[in-house]
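**Q** Pasting in a structure now, in C-alpha cells, and then I'll have a few things to ask.
Residue numbers (my numbering): 3 to 263.
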C-alpha cells in the first residue's frame, strides 16, 4: 500500500550499562497499544483492531476489527504455534473484567476465547507461555482508576496451567510499583534466558526481573533504557542468540524493535 504506510529503517548502536542496542522503526498510525510477532510478521494491536504487517518491509497484509463485537480494549498479544492470543479487558470500567481472545495468526479469524470474568487479580494486560504454563500480568491502577479501594500495589504476576488453573503468583518490588504509578504493568514477555522483560505505561524503559527462589516478590535485575515507551511488548523468538523486543512509541505512532545484545 504505497504512500499509506511509511516504512522507516533506522540502525544504530548505543553503549549503555555495557549493553548494545539496535533499533528499527516502522511508522504505523495504529501503533497505540501493543505489538505481537512471529516468524514473518508483526501484529499491531490497538483497542478494537489488529493489523498484520510483514517484518521485512512493513507492508500491511491483513486487518481485523472487533468494535462491532464489543471489543474495546485489547491490551497486548502473543503468537504461539500459529495462534495469536490477545489480552482483552473492559478498562477503565469497574469492576474489572478480562478475557483472552484467540485468533488464527494466518487469517486473523477469531477462533476461541477464555473468560476470566471479574478476576480478583485485576485487569488482564499481557500473557505469555513457557515450559507448559501460562504467565499472566494483571494490573491495578491508582487514582480514579483504582478498583475497590486497591491501588497499583495490587498488580500481580500469575502462573497458570495450560487449561487456566492458577498455580502461584507474585507481587512487584516497591521500586517498580513506584515507576508504574499511577498506571500499572502494561506489557511483558518471557525471555529464553529465563528472565522477565516488563514495561509500564509510558516510560521508555524495560524492567528485567526474575521469579524468586523464595518469597512472593519478583526479583528486580536491572532497567534497560529503550525507544519503546511502555505498553505491550513481544519477544521475537525466531532470534535465538539474543533478546529482540518489539514494542511501540504511541506518541510517534511507531513500532520499535530493540535488539538487546
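Just so it is clear, CB atoms sit at the ideal spot from N, CA and C, and this is done for glycine as well.
1) What number of angstroms, rounded off, separates the C-alpha of residue 157 from the C-alpha of residue 128?
2) Assuming residue 190 and residue 201 are in contact, meaning their beta carbons sit under 8 angstroms apart, how far apart are those beta carbons, in whole angstroms?
3) Label residue 167 either buried or exposed according to how many other C-beta atoms from any shown protein chain fall within 10 Å of its C-beta, with 16 as the threshold for buried.
4) Need the endpoints of the alpha helix (DSSP H) that residue 179 sits in, please.
5) Let me know the secondary structure DSSP gives residue 256 once reduced to three states.
6) Ends of the beta strand (DSSP E) at residue 211?
7) Indicate whether residue 62 and residue 75 have their beta-carbon atoms separated by less than 8 angstroms.
8) Output needed for residue 152: all residues of its chain with C-beta closer than 7 angstroms, excluding positions within five of it in sequence on either side, in chain order.
9) Between which two residues does the beta strand (DSSP E) holding residue 78 run?
10) With DSSP collapsed to three states, give me the class of residue 100.
11) With distance defined between alpha-carbon atoms, name the residue in 239, 229 and 207 nearest to residue 27.
12) Can you list, in chain order, the stretches of the alpha helix (DSSP H) that have 4 or more residues and sit fully within the segment 134-195?
**A** Per the coordinate set shown:
1) By 1-based counting over the chain shown, the position of residue 157 is 155. By 1-based counting over the chain shown, the position of residue 128 is 126. Rounded to the nearest angstrom, the two C-alpha atoms are 12 angstroms apart.
2) For the purposes of this step, residue 190 is identified with residue 188 of the chain shown, where counting begins at 1. For the purposes of this step, residue 201 is identified with residue 199 of the chain shown, where counting begins at 1. Correct: roughly 7 angstroms between the Cβ atoms.
3) Locating residue 167 in the chain shown gives position 165, counting from the first residue. That one is exposed.
4) In the chain shown, the residue the question calls residue 179 occupies position 177. Residue 179 -> alpha helix (DSSP H) spans 176-182.
5) Counting from one through the chain shown, the residue named residue 256 turns up at place 254. Looking at residue 256 - three-state DSSP - the assignment turns out to be strand.
6) Here residue 211 refers to the residue found at position 209 when the chain shown is read from its first residue. Its beta strand (DSSP E) spans residues 207-212.
7) Here residue 62 corresponds to residue number 60 of the chain shown, with the count starting at 1. Here residue 75 corresponds to residue number 73 of the chain shown, with the count starting at 1. No; because the gap between Cβ atoms is not below 8 angstroms, this pair is not in contact.
8) Reading the chain shown from its first residue, position 150 is the one you call residue 152. These residues qualify, in order along the chain: 142.
9) Working through the chain shown from its first residue, we reach residue 78 at position 76. Element bounds for residue 78: 76-82.
10) The count along the chain shown starts at 1 and reaches residue 100 at position 98. It is a strand residue.
11) Within the chain shown, residue 27 is the residue found at index 25, counting from 1. Per the Cα distances, 229.
12) 176-182
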